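Residue numbers (our numbering), protein chains in the order written: chain E, 155 to 398; chain D, 748 to 1138; chain C, 2 to 126; chain B, 2 to 132. Where a beta carbon is used, it is the ideal one built from N, C-alpha and C, also for glycine. Remember, predicted model here, so these are calculated numbers, not experimental data. Taking it in order: structure first as structure tokens, then the write-up.
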Amino acid sequence: MSTTKTKWNVNFKVYRKKGQNPSHYDQFTLEVDPDEYVLDAIERIWAFHDRSLTFRHACHHSTCGACGMLVNGVEKLSCITYIRDVVEDGGTLVIDPMRNFPVVSDLVVDMSLFFDRLEMVGQRQVVPVSDETIGDGKKAQSPTNGKEYLRLSDCIECGLCISACPIAATNPDYLGPAILAGAQQNGLDRKPELLQIVDQENGLWRCHSVYECTAVCPSNVDPAWRIMDLRRQVTAQRLKRLFR
Amino acid sequence: MSKPKAIIIGAGFTGVATAHDLALRGFDITVVDRGPIANGTSGRTHGLLHSGGRYAVNDKESAIECIEENTILRKIVPGVIEPNGGLFVAINESDMAYGEDFIEGCEACHIPIEELTPQQALRLEPNLNPNILAAFLVPDGTFDPLRLAMAFAATAKSNGAKFKLYTEVTGLILNGQGNVTGIKVWDRTNDERYEIYGDIVVNATGAWVGEITAMAGVDVPIRPTPGVMVAFDQRLTHHAINRLNKPGDGDIVLPQRQMVVVGTTSFEVQDLDYVPVIEDHVKLMLERGAELLPAIKNTNMRGAYMATRPLLGSGGSGRSISRTFKCFDHKETHGIDGLVTITGGKATTLRAMAEKTADVVCEKLNISAACTTKEVPLISYREFYRLPNNY
Amino acid sequence: MIQSTSGPKTGETFWLWFLKIITGLFIILLLLIHFVVNHFVAEGGLLTYADVVAYYRIPIIPIMEIAFLIIVVSHALIGLRSIILDLRPSRQTLTAINWLFVVIGIVSVVYGIWLIQVIVAKGSA
Amino acid sequence: MMSEPSRKSGISQAIRWFDPRGRDIGTIAFILNRITALGLTFYLFLHLIVLGQLAQGAEAYDGFLATIRSPIYIFGELLVIAAGLYHGLNGIRVGLTSFGIAVPQQKKLFYWLLAIAVLGSLIFGIRMFTA
């Protein structure tokens, strides 16, 4: 924190909920450096203003996916969201927990069903570099020079795509973007049994091509592209079977 | 006979690994943390699965721990590790001179290394500084910090451990003799306060151990030493790239998912609960990182963050203090029974720290149960959320 | 058209989804043809009852209109059902909706065919 | 162990389909698609009922045609045409991308199709009100 820089005053309006009590918002006015991240400010609210504030966080650099939340109504990974990008000096930042997940406390949501489903489609966390695609189906460009390297997959399981999905909003049974993307990444060729999971009433066909999942994804997974790719694969399979 | 009851304070690396170890040894475990899993130093670790090469010259004790644990972790928790190896590269004459000590040190610590010509190294990693003078291949790796902790926590949970997250310890419960018999906690999710009793309380709060021991009126020699790390937006390498020299600032660049992460610095702080990211350190990381991988200069910054190492001991500066760990039985150190403190160490040695702690606990409680964590594979970290009591 | 199968598969299956897309495509094609044909056959549009009757005397028109009707009604009902599915109806509600939509579909098409037959009869009288 | 999510969601949340605050262009496309879908379905059945006039003979139908020549009805008709244009053109995009075609270009495609729909509706409107 350099002292030469101008500081901003920002009002943080934070969603609060404890136990069975009704929810409300608490206001905190903080002096912030505009180049800080939203998560830094939230951590400071906890450290210096209200020790009862609960929020999920771990890595602070977008590899763990724990700190997904709504910043002014938009799904953000708060650890890489600069304050200067979402508010102005003197402005207000409204912080809410992710949508479409049950709230446990304040900004903490229950993601057990989400992880259940990720496990169901066997979303792979460590993948061969040659298997991982960066958005749009483009191959990762990093050099491999013939050797097979393994890497942690792009999907950090933050749940932002589920929070942004309007279909998940009204139908929690819908598997949702991250899950379908996980199935696509795992591959119908590798795991033919995934067909049954994705080609069901709450699977692939519930997507209405809104593309919000891809818009909010902080990790270039491009779930919407993966859903469309999965549709293409399943459609091709179905039609082939019809004419055989 | 009912199970011996252990309370573990802290759900960072040491806490979850100790929970796993003690659960396997038949303990009834309750883990409490004031936040979620790995919300402090552990989650913000650089993510380097050390081969030990970094400490092979100046801190052989740590180096040996690292290479042993590196091998074990690759075996028991492969689902959270990028096992692609690392390179130590020399850029100037000082680095070259260090190279001799490095070879000797690695040999002494049984760290397998392979010398590469600069051409070979550049073929492996084309984004390396083209002016490197020498390179050594070592068995480094990268892990996902949160998922590494979750895998231990999940396995502990599957063996019956209970996790009370977002639950802050507000005090220790002492009996008439001044021995610790339990803890007072505040559940921050519903604002309830209650007490938990146990046969032993393990203080595994890393850099924060002093806050817990202070509740018993005692002190441990701990020097919290934060460091800054910076993540960049492109995966420029598959190997961990280390500067072939004494550990210093910004001398490691790690691949992680679609990023590279440069670290670290070393400084000291007073207030542990909020340590600001120092801007000059961020600039330094960019400069030093670019000496190893020049392409970093043309890559967008993705995030800057810091973590507070729990370094042991007093005296000496942050870089010269050993990275090893220590388990304090407060019966021996201060005559207080029922409390054990584990701190120091590195992420890579989390399992060994847990083994040591569990040994101390078993010895104190007169329980003979062998450590099996070297062999037992961990279950998927996702099971932590799927098992009941799940956030 | 809309089918209600017993058992767990009362939701949106591949075939219904596929039919929605294919009928959508056909509607676009038929509307295009409709506009072109209308432009040449009945310049200025079908502005009087007599125009309509005359239009339906062209043999292909009643067939085309019936096909169009079936396709549009299918597309509309599958689409509407798909919106209802997003609202997570209970099994019983969904089964009821399935049957209701089958009935609406059949009634609409039968009614349309009857109407076209009346017009065609007027023309040939 | 799959825990059943609460049944509370559903209709009470449907308002979120139509809330574009903070959302990307995809939500606008979706909102318009869903509104036009509902509007066109309503029109379809209204249309079928109204055409029943045809069965009642020339006077009834021509009388009906006269009433719908007033500007308010023409405007209604224009709305139907605009809705149909939008729904059809956006449908092309949704259909194509659903078969894995042009997914990376879908945003650009949307803007083009929307432009065509707006332009088409304008041309229809001018012709209908000047005829």
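Under the Cβ distance rule, Trp100 of chain C does not count among the residues neighbouring chain E, no pair being separated by less than 8 Å. Here the alpha carbon of Leu184 of chain E sits roughly 6 Å from the alpha carbon of Asn165 of chain E. Annotation: Asp938 of chain D is outside any alpha helix (DSSP H) and is labelled neither H nor E by DSSP. Glu311 of chain E and Asn922 of chain D have their C-alpha atoms some 45 Å from each other. The beta carbons of Met1048 of chain D and Val975 of chain D sit about 12 Å from each other, so the pair does not count as a contact at 8 Å.
By the rule that beta-carbons nearer than 8 Å mark a contact, Phe125 of chain B does not touch chain E. In this structure, Ile860 of chain D lies away from Leu880 of chain D, with their beta-carbon atoms at least 8 Å apart.
Listed along chain E, the residues sitting closer than 8 Å to Trp18 of chain B by beta-carbon distance are Pro320, Ala323, Thr324. Rounded to the nearest whole angstrom, the C-alpha separation of Val1108 of chain D and Asp239 of chain E is 50 Å.
Around the beta carbon of Ile16 of chain B, fewer than 16 other beta carbons lie within 10 angstroms, which makes this residue exposed. Between Lys1073 of chain D and Gly1091 of chain D, the C-beta spacing is below 8 Å. Not one beta carbon of chain C lies nearer than 8 Å to the beta carbon of Glu347 of chain E. Look at Arg278 of chain E here: in three-state DSSP terms it is coil, with no helix or strand label. For a Cβ distance threshold of 7 Å, residue set Gly101 of chain B lies close to Asp383 of chain E, ordered along the chain.
Ranked by Cα distance from Gly40 of chain B, the options B:Pro72, B:Leu110, B:Tyr87 are led by B:Tyr87. Linking Gly964 of chain D to Arg970 of chain D through their CA atoms gives a straight-line distance of about 18 Å. Judged by beta-carbon spacing, Ala1094 of chain D lies within the 8 Å limit of Ser789 of chain D, meaning their Cβ atoms are closer than that value. The three-state reading of DSSP puts Thr777 of chain D in strand, counting E and B together. Residue-level contact check: Gly25 of chain C touches chain B, since one or more beta carbons of chain B fall below 8 Å from its beta carbon. At least one CB atom of chain E sits nearer than 8 Å to the CB of Asp25 of chain B. DSSP places Asn926 of chain D outside both helix and strand once states are collapsed to three, so it counts as coil. Per DSSP, reduced to three states, the secondary structure at His215 of chain E is coil, with no helix or strand assignment. Asn165 of chain E carries a strand assignment under DSSP once its states are collapsed to helix, strand and coil.
A distance below 6 Å between beta-carbons, with the five flanking residues on each side excluded, links Thr917 of chain D to the following residues of its chain, in chain order: Lys931, Trp933. Val388 of chain E has a beta carbon lying within less than 8 Å of a beta carbon in chain C. The three-state secondary structure of Phe1072 of chain D, taken from DSSP, is strand.
If you compare the alpha carbons of D:Val1029, D:Asp1018, D:Ala837 with that of Asn992 of chain D, the shortest gap goes to D:Ala837.
By the Cβ-count criterion, Leu820 of chain D is buried, with 16 or more other Cβ atoms from all chains shown falling within 10 Å of its own Cβ. Between the alpha carbons of Pro1041 of chain D and Leu875 of chain D lies a distance of about 7 Å.
For Lys822 of chain D, the uninterrupted alpha helix (DSSP H) run begins and ends at 807 to 823, by DSSP. Judged by their CB atoms, Ser259 of chain E and Tyr1021 of chain D are not nearer to each other than the 8 Å cut-off. In the three-state reduction of the DSSP assignment, Ala103 of chain B falls in the coil class, being assigned neither a helical nor a strand state.
Contact with chain E is found for Ile828 of chain D, since one of that chain's Cβ atoms lies less than 8 Å from the residue's Cβ. Chain order gives the chain E residues near Ala15 of chain B as Thr324, where near means a beta carbon separation below 7 Å. In the DSSP assignment, Leu1059 of chain D falls within the unbroken beta strand (DSSP E) covering 1048 to 1059.
Annotation: Ile69 of chain B has no Cβ neighbours in chain C at a cutoff of 9 Å; minimum Cβ distance is about 11 Å.
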